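The structure appears right after this line, and notes come after that.
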Amino acid sequence: MDSFLNYILKITALLQFPKNIHIIMGNEACDLDSTVSALSLAYFMHENRNTVEDSITLPLLNVKKEEFDLRIENCYVLDQIGVNRSTLFYKDTLNMKDLLNNYNVKLTLVDHHVLAQDQQYLKPNVVGIFDHRPRDPNVIWSDNVDVKLQLVGSCATLITDEIYAKNPSRLSPTLAKILYETVIFDTIGLSPQAGKVKDLDIEVSKKLEQFLQIPNPDHQGLFNKLWAEHNNVSHLTPRQLLIKDMKFVENVLIPGLPMLVKDFLNLPDILDCLKGLSNEKNATVIILMGLEAKDGLMERDLGFYSIEEDSDLLKHIIDNLKQNDALQLEEGASSIAAIKYFKQNHKPSRKQLLPLVRDLLTEYKQC
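Structural data, given as structure tokens:
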């Protein structure tokens with residue numbers, strides 16, 4: 001059997017009487033990049049570890065199990081290689097506090113380097129980081145944490161590079177397949193026009209194509225196929241669309257939508273949905289981030305909502321983001337009066353928006 005699939009099949013059985021547990025944890029959005037990076041690095045570190053006895057490495061998908069099924073492209077990619085998703089570990093099926101109380105636990109973060117507020121208790125156990133977003137200057141890690149942070153198109157690129165650098169013999173056909181698909185998806189088919197692809201993305205893609213024996217790769221065709229799965233959301237409610245790819249910055253929610261915001265606002269009961277989500281998550285502001293990709297080109301837009309009327313925080317965020325040269329916000333008409341709508345430059349993604357919002361929250365609290 002393929003070594004990666006064999007590892008996935010046995011991970012539940014691995015969690016029996018170990019002394020040392022190494023958790024590889026993705027981010028709270030649990031998108032395709034985060035999912036594949038966590039699974040891939042956990043497999044590689046487990047199979048490549050020096051001390052075998054009483055030592056295991058496990059991946060943690062950082063959402064509730066029921067919410068993972070909303071991530072359509074994740075399910076598609078894993079289903080294609082025969083992964084039984086019910087055997088994986090999720091935020092609500094692996095009790096981290098119990099593990100900390102009973103085992104020697106260390107943690108490596110993938111596709112993020114800032115712990116969510118409700119996971120700050122894990123910080124003393126973090127020993128490694130793989131991330132591809134701009135470094136948050138407000139987060140300091142000790143010298144004991146091995147930080148690999150590089151601005152590339154996909155965190156899966158960094159994981160692939162790590163495997164090739166340390167032990168490429170651990171690469172299996174199914175592992176190579178999902179790493180390759182993730183890099184292609186995250187870089188919009190390695191499209192230079194999309195502004196996401198970097199030299200290392202291209203380098204590891206070529207290595208994976210050689211390993212997978214793909215003589216004439218169709219990057220855009222593969223991206224279009226995965227993007228179609230990503231957009232296969234007609235069966236999802238507006239609330240499910242919001243939570244399927246949502247990140248948090250304190251009391252600000254930033255959902256990434258599989259469509260443009262202007263189209264999302266035309267769905268039924270959007271305002272009630274935003275109010276309900278704000279109450280449920282104790283959020284003051286929601287920033288909707290829309291995306292449409294066609295033929296290697298992208299369009300992005302933003303929507304801003306606050307459950308508080310005349311919110312000073314919302315005004316502070318909008319006024320400052322309007323001054324950001326990279327975003328190039330252009331205000332447009334909104335079909336819902338309570339939501340401010342803007343078109344934006346297609347290049348800055350949520351990875352660039354998150355630290356801006358975090359800095360603005362810090363400024364606001366100091367006013």
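UniProt numbering numbers the first residue of the sequence shown as 1 and each following residue consecutively. Glycine included, C-beta positions come from ideal geometry on N, C-alpha and C. Keep in mind the model is a prediction, meaning the values are calculated, not measured.
* Asked: Based on the DSSP secondary-structure assignment, which residues constitute the bridge partners of A194?
  -> In the sequence shown, residue 194 corresponds to position 194, counting from 1. Listed as beta-bridge partners of A194 by DSSP are no residues whatsoever.
* To do: Please state whether DSSP places R300 in a helix, a strand or coil.
  => The count along the sequence shown starts at 1 and reaches residue 300 at position 300. Judged by DSSP in its simplified three-state form, R300 adopts strand.
* **Neighbourhood of C273 by C-beta, 6 angstroms cutoff - its chain only, sequence neighbours within 5 removed** => Stepping through the sequence shown from its first residue, residue 273 is reached at position 273. The residues are P238 and R239.
* For the beta strand (DSSP E) that P173 lies in, which residues bound it at each end? -> In the sequence shown, residue 173 corresponds to position 173, counting from 1. Where P173 is concerned, there is no enclosing beta strand (DSSP E), although the alpha helix (DSSP H) it sits in stretches over P173 to D186.
* Asked: Considering only C-alpha positions, which residue in the set F223, N138, T182 and K10 is nearest to L354?
  -> Position 354 of the sequence shown holds residue 354. Closest option to L354, Cα to Cα, is N138.
* To do: Please state if the CB of K322 and the CB of residue 368 are separated by a distance shorter than 7 angstroms.
  => Because the chain here runs from 1 to 367, residue 368 falls outside it and cannot be looked at.
* Boundaries (first-last residue) of the alpha helix (DSSP H) holding M45 -> Along the sequence shown, read from residue 1 onward, the residue named residue 45 stands at position 45. Per DSSP, M45 belongs to the alpha helix (DSSP H) from L32 to E47.
* **Test item: CB-CB of P18 and I56 under 7 angstroms** => Counting from one through the sequence shown, the residue named residue 18 turns up at place 18. Counting from one through the sequence shown, the residue named residue 56 turns up at place 56. A distance below 7 angstroms separates the beta carbons of P18 and I56.
* Asked: Are the Cβ atoms of V204 and T157 separated by less than 7 angstroms?
  -> Counting from one through the sequence shown, the residue named residue 204 turns up at place 204. Counting from one through the sequence shown, the residue named residue 157 turns up at place 157. For the 7 angstroms CB-CB criterion, V204 and T157 form a contact.
* Over the uninterrupted alpha helix (DSSP H) stretch that includes F223, give me the two end residues. => For the purposes of this step, residue 223 is identified with residue 223 of the sequence shown, where counting begins at 1. Segment H219 to H230, the alpha helix (DSSP H) holding F223.
* To do: Determine the burial state of S142: buried for a count of at least 16 other Cβ atoms within 10 Å of its Cβ, exposed for fewer.
  => As a position in the sequence shown, residue 142 is number 142, starting the count at 1. Exposed: under 16 other Cβ atoms inside 10 Å.
* To do: Please report how far the alpha carbon of L361 lies from the alpha carbon of I317, in whole angstroms.
  => Your numbering for residue 361 matches position 361 in the sequence shown. Your numbering for residue 317 matches position 317 in the sequence shown. Distance between the alpha carbons of L361 and I317: 8 angstroms.
* Asked: With a cut-off of 8 angstroms, do at least 3 Cβ pairs link the region 296-314 to the region 187-196?
  -> Because the criterion of three Cβ pairs below 8 angstroms is met, the region 296-314 and the region 187-196 touch.
* Give me the Cα-Cα distance between L327 and N345, rounded to the nearest whole angstrom. => The residue you call residue 327 lines up with position 327 of the sequence shown. The residue you call residue 345 lines up with position 345 of the sequence shown. Each residue's alpha carbon lies about 5 angstroms from the other.
* **Beta-carbon spacing of A176, L226 below 7 angstroms** => Mapped onto the sequence shown, residue 176 falls at position 176. Mapped onto the sequence shown, residue 226 falls at position 226. Judged by their CB atoms, A176 and L226 are not nearer to each other than the 7 angstroms cut-off.
* From what residue to what residue does the beta strand (DSSP E) around T108 run? -> Numbered from its first residue, the sequence shown carries residue 108 at position 108. Bounds of the beta strand (DSSP E) holding T108 are N104 to V110.
* To do: Tell me P59's beta-bridge partners as DSSP assigns them.
  => Counting from one through the sequence shown, the residue named residue 59 turns up at place 59. The beta-bridge partner set that DSSP reports for P59 consists of I24.
* Whose C-beta lies closer than 6 angstroms to the C-beta of I159 among residues of the same chain, with five residues either side of it excluded? -> Your numbering for residue 159 matches position 159 in the sequence shown. Leaving aside the five residues that flank I159 on each side, the residues in its chain whose CB is nearer than 6 angstroms to its CB run, in chain order, S37, S40 and L41.
* To do: If I'm right that E181 touches V77 with Cβ under 8 angstroms, what's the distance once you round it to whole angstroms?
  => The count along the sequence shown starts at 1 and reaches residue 181 at position 181. The count along the sequence shown starts at 1 and reaches residue 77 at position 77. Rounded, the Cβ-Cβ distance is 6 angstroms, consistent with contact.
* **According to DSSP, residues forming a beta bridge with E331** => To locate residue 331, count along the sequence shown from 1; it is residue 331. Listed as beta-bridge partners of E331 by DSSP are F342.
* Would you please state the rounded distance, in angstroms, between the beta carbons of Y341 and S334? I believe it to be under 8 angstroms. => Counting from one through the sequence shown, the residue named residue 341 turns up at place 341. Counting from one through the sequence shown, the residue named residue 334 turns up at place 334. Indeed they touch by this definition, with Cβ atoms about 4 angstroms apart.
* Asked: Cβ atoms of I336 and L265: under 7 angstroms apart, would you say?
  -> Numbered from its first residue, the sequence shown carries residue 265 at position 265. Numbered from its first residue, the sequence shown carries residue 336 at position 336. A distance below 7 angstroms separates the beta carbons of L265 and I336.
* To do: Would you mind reading off the limits of the alpha helix (DSSP H) that contains G128?
  => Residue numbering aside, residue 128 sits at position 128 when the sequence shown is read from its first letter. Counting along the chain, G128 falls outside any alpha helix (DSSP H), though it belongs to the beta strand (DSSP E) covering V126 to D131.
* Asked: By Cβ distance below 6 angstroms, which residues in the same chain neighbour E309 in space, the five residues on each side in sequence not counted?
  -> Start at 1 with the first residue of the sequence shown, and residue 309 comes out as number 309. Around E309: no qualifying Cβ.
* Sorted by chain position, which residues of the same chain lie with C-beta nearer than 6 angstroms to E292's C-beta, five sequence neighbours on each side aside? -> Here residue 292 is taken as the residue at index 292 of the sequence shown, counted from 1. Short of 6 angstroms from the beta carbon of E292, and not among the five residues preceding or following it, lie these beta carbons of its own chain, in chain order: L260 and E299.
* Taking C-beta to C-beta, are K343 and G332 nearer than 7 angstroms? -> Translated into the one-based positions of the sequence shown, residue 343 becomes position 343. Translated into the one-based positions of the sequence shown, residue 332 becomes position 332. It is a contact, given that the beta carbons lie within the stated cut-off.
* Go to D146, then tell me how far its beta strand (DSSP E) extends in each direction, as first and last residue. => Counting from 1 along the sequence shown, the entry for residue 146 is found at position 146. Bounds of the beta strand (DSSP E) holding D146 are D146 to L149.
* Just curious, the alpha helix (DSSP H) that A116 is in, first and last residue? -> Along the sequence shown, read from residue 1 onward, the residue named residue 116 stands at position 116. If you look at A116, you'll find it isn't in any alpha helix (DSSP H); DSSP assigns it neither H nor E.
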